[in-house]
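All remarks here apply to the structure that follows.
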Amino acid sequence: MPDKHAITDPITGFLDRRSCLHAVHRMLAAAESKRQPLAALWIDLDRFRQINASFGHAAGDEVIARVAGRIRMVLPSGGHLLARMGSDEFVVMLRGEDRPVAEAFGRLLLVTIEQSLCIDEILIHPSASIGVALLQAGEDALSLLERADRAMGEAKRQGGGRVEMAAGEVLPGYHGVSLAREELAIEADLHAALDSAGLSLEYQPIVSRDGRVEAVEALMRCRVFGRNLTPDRFIPVAEKSGLIVRVGEWSLLQGARFAARLRDEGRPTKVAINVSRAQLTSPEFLPALHGALLCADINPELLELELTESLAMELADVVQDNLRRVRETGVGLAIDDFGTGFSSLSSLKDLPATKLKLDKSFIQVLPEDRRALALVKAATQMGRELGMVVVAEGVETDAQRQCLEEAGVDALQGFALARPMPEDLLLNWLKQRNSP
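FYI, in the numbering used here the residues of the sequence shown are 5 to 440.
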């Protein structure tokens, strides 16, 4: 009986990762009680990053949707399961099928996926690596999926475009896989943090050359069950699991409320919030933004959204439309980590961005690296000509600070000026400064 609470992936219609794990637990219990075989097939598209890099994420989503349709088309009837486990990874669970049938179905999937696709008038030939694992006596759902994932990894190491059968032994402690227990534990922690006020924001000032606080950037923190989770651990999991949309909406609301508090304290300061691609492609993005502005009752100019350079250059219509409507609302747009992507000048001139943030990789080598300094100067001049405020990120030393001020950068952010602080500490820090 299907789970009415199961969540499906919007692009493929397959179960998402979390719902898949619950469904596999149920399938495993049923298979053991009836003494029936159960097979897990883990599918990973080969060279999918090249498709995203060459055609953009919108085309990548189209490829995912079409491949998913092909998988569904050849799936035999019989209460089997389809799930999307990550960007380009899928799981198929075959109920009641033995090794020869599972292996044969894996080969059928290869042939089906490898049929050519036309993307932007270019014919591409997708391929996949597939791992197959059969349920062993006493095995749990995680171990079964892990063995299938490990077999897929072996298929990929051998060049891709092939099916590999998993070893027969149960692997209770294997961690080097996409569906690692640690990842699932972090996902569970994120759910708990969202439900128990375990998320918080700290704010790092962005200081203009004249000493004025140009903005503060909101940085996510997570504490759950007495433990701190660092952003580099929970943000990738949030993105992979889809929780980033819910986390992002929470961040928008909290950042807007703090902007209102700063205004009420007589120190109106722009608050910058990071947004992800998943948010910008969600139909709930603009309602969430407008809702945050209304709930906090703030002028839109007190809020700024930060997005990466690659996301700013995203060609998907929904992303570009949302960016334009953000600016029409009066909310600012900052291009973060500038210099790490592959944007062209012709694309940059059409962006509705109000701020350019130079990536810290250019700043860390200053003042010794004269080539990096030349790039900083060029980017600063370009940003200023385009009407953008230019910010240098990751400023950690006085020497870097002086070098950047001489290069003409408009504002600085980093430990040399101020570390991220909770709301109350930041308010005290602002009050101790000469200017509001």
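Glycine is no exception: its CB is placed at the ideal position from the N, C-alpha and C atoms.
According to DSSP, residues forming a beta bridge with residue i
i      : result
Cys299 : The partner list for Cys299 (beta bridge, DSSP) is empty, contrary to what the question assumes.
Arg423 : For Arg423, which the question treats as bridged, DSSP gives no partner whatsoever.
Ile55  : Note: Ile55 sits in no beta bridge, so no partner.
Val395 : Lys361, Ala415
Leu237 : The question names Leu, but residue 237 in the sequence shown is Arg. None; Arg237 has no bridge partner.
Thr12  : Leu19
Range of the contiguous beta strand (DSSP E) that encloses residue i
i      : result
Ala219 : 217-228
Asp341 : 336-342
Pro209 : 203-212
Arg99  : 93-99
Thr312 : 307-312
Val136 : 132-138
Asp48  : 42-49
Ile277 : 275-278
Leu127 : 126-128
Leu121 : 121-123
Between the CA atoms of residue j and residue i - distance to the nearest angstrom
i      : j      : result
Val174 : Glu427 : Per-residue confidence for Val174 stands at a pLDDT of 44, beneath the threshold of 50, marking its modelled position as unreliable; the derived number appears in the next sentence. C-alpha separation (whole angstroms): 49 Å.
Thr234 : Met425 : 15 Å
Ser120 : Gly64  : 14 Å
Ala201 : Leu194 : 10 Å
Val96  : Asp236 : 30 Å
Pro176 : Arg216 : A caution first: Pro176 carries a pLDDT of 43, below 50, which makes its placement in the model unreliable, though a value can still be read off. Pro176 and Arg216: Cα-Cα distance of roughly 56 Å.
Leu430 : Pro209 : 8 Å
Gly387 : Ile339 : 11 Å
Gln54  : Ser133 : 16 Å
Gln324 : Val279 : 14 Å
Glu310 : Ile277 : 6 Å
Met317 : Glu218 : 25 Å
Arg374 : Thr358 : 27 Å
Ala411 : Ala196 : 46 Å
Glu150 : Ala264 : 47 Å
Leu203 : Arg437 : 29 Å
Enclosing alpha helix (DSSP H) for residue i [first to last residue]
i      : result
Leu146 : 145-161
Lys381 : 374-389
Met77  : 61-78
Lys364 : 364-367
Leu167 : What sits at residue 167 in the sequence shown is Val, not Leu. From DSSP, Val167 is part of no alpha helix (DSSP H) but of the beta strand (DSSP E) over 166-169.
Leu327 : 321-333
Leu266 : 248-268
Leu284 : 281-284
Cβ pair residue i, residue j closer than 8 Å
i      : j      : result
Pro356 : Arg328 : yes
Val275 : Leu223 : no
Leu114 : Val71  : no
Val395 : Asp414 : yes
Ala242 : Val228 : no
Val330 : Leu293 : yes
Leu421 : Glu397 : no
Asp124 : Pro41  : no
Trp254 : Leu198 : yes
Buried or exposed by the 16-neighbour rule on C-beta atoms within 10 Å, applied to residue i
i      : result
Val78  : exposed
Pro287 : exposed
Lys435 : exposed
Leu183 : For Leu183, the predicted structure reports a pLDDT of 47, less than 50, and the residue's modelled location is therefore unreliable. The matter cannot be settled from this model.
Arg154 : buried
Cys299 : exposed
Gln258 : buried
Ile126 : exposed
Lys38  : exposed
Pro130 : buried
Asn232 : exposed
Ser147 : buried
His29  : exposed
Lys353 : exposed
Within-8 Å CB hit, residue i to chain B
i     : result
Val95 : This model lacks chain B altogether, as it is built from one protein chain only.
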